[in-house]
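Read through the structure below, which is laid out as structure tokens, and then see the notes.
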Amino acid sequence: FADGNPNASIMVIGEGPGANEDKEGKPFVGRAGKLLNKMLESINLNRKNVYISNVVNFRPPMNRRPTDKEILRYLPFLKKHIEIINPKILLLLGSTALNALIGNEIVISKARGKWVRKKIGETNPELIASFHPAFLMRQPDQKKYAWEDLKMIKRKISALKIKLND
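All the letters of the sequence shown, read from the start, carry residue numbers 42 to 207 under the numbering used here.
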């Protein structure tokens, strides 16, 4: 249900596992995972210095989006998971992660690229939403916005003086 460094200061949250993730037991290992790896590498991050998980830890039937009921069922686990990892930066990939942790009031296209401070249990990370890699594969013209978000994360890493241990 997770991959990467549990001591990382940066946590990435996606929607839920797809077929490849279900088979391998790790998030983001399919085509979207390969794109996520490239996105992270573009700002000197990788699975050794970030921690990756999902809103839900099961593959919804027909690879559909998790329902609100399913998300609510997993939310206490997700919040506890975030609290245990205690990241300084929380990257929310896609509308499911955004809606689960920030709310349904704002759509991903308006929320992306903006920092939000949010208390989650005993932790108080800086949150930023960006487009999910699977969306970017369907809408490659949106990659320029994801790149802006990544550059903002790189600047925040520097501002927070986060040491990246590869």
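From the three backbone atoms N, C-alpha and C, an ideal C-beta is built for every residue, glycine too.
I need the DSSP call for residue i, collapsed to helix, strand or coil.
| i | result |
| --- | --- |
| I112 | helix |
| E163 | coil |
| S150 | helix |
| S171 | strand |
| L134 | strand |
| I143 | coil |
| G57 | coil |
| I51 | strand |
| R106 | coil |
| E71 | Inspection of the sequence shows that residue 71 is occupied by Gly rather than by Glu. Of the three classes helix, strand and coil, the one that applies to G71 here is coil, per DSSP. |
| R158 | strand |
Select from the options the residue whose C-alpha is nearest the C-alpha of residue i.
| i | options | result |
| --- | --- | --- |
| K202 | E124, I51, N104, P68 | I51 |
| L81 | D190, A200, K204 | D190 |
| R100 | N145, Y92, G66 | G66 |
| K197 | E146, R158, R179 | R158 |
| D63 | P102, N127, I54, L86 | P102 |
| G162 | I126, K195, E56 | I126 |
| I84 | A200, K204, I194 | I194 |
| I130 | T108, R106, T164, R105 | T164 |
| H122 | N78, W156, N98 | N98 |
| N208 | P166, P128, E167, T108 | The requested residue 208 does not occur in the structure, where the chain is confined to residues 42 to 207. |
| L205 | N61, G74, A43, N87 | N87 |
| P47 | N78, Q183, P128 | P128 |
Taking Cβ to Cβ, would you say residue i is nearer than 8 Å to residue j?
| i | j | result |
| --- | --- | --- |
| A175 | I149 | no |
| G45 | Y115 | no |
| T137 | V70 | no |
| L76 | L177 | yes |
| E56 | R105 | no |
| A43 | S94 | yes |
| W156 | E146 | no |
| L133 | L119 | no |
Can you find a CB in chain D that lies within less than 8 Å of the CB of residue i?
| i | result |
| --- | --- |
| K202 | Protein chains in the displayed structure number just one, and chain D is not present. |
May I ask you to list the residues that DSSP assigns as paired with residue i?
| i | result |
| --- | --- |
| V96 | The partner list for V96 (beta bridge, DSSP) is empty, contrary to what the question assumes. |
| D44 | I93 |
Just checking residue i against the ligand MN - is the residue's beta carbon closer than 7 Å to any of the ligand's heavy atoms?
| i | result |
| --- | --- |
| D44 | Although the ligand MN was asked about, the structure shown includes no ligands whatsoever. |
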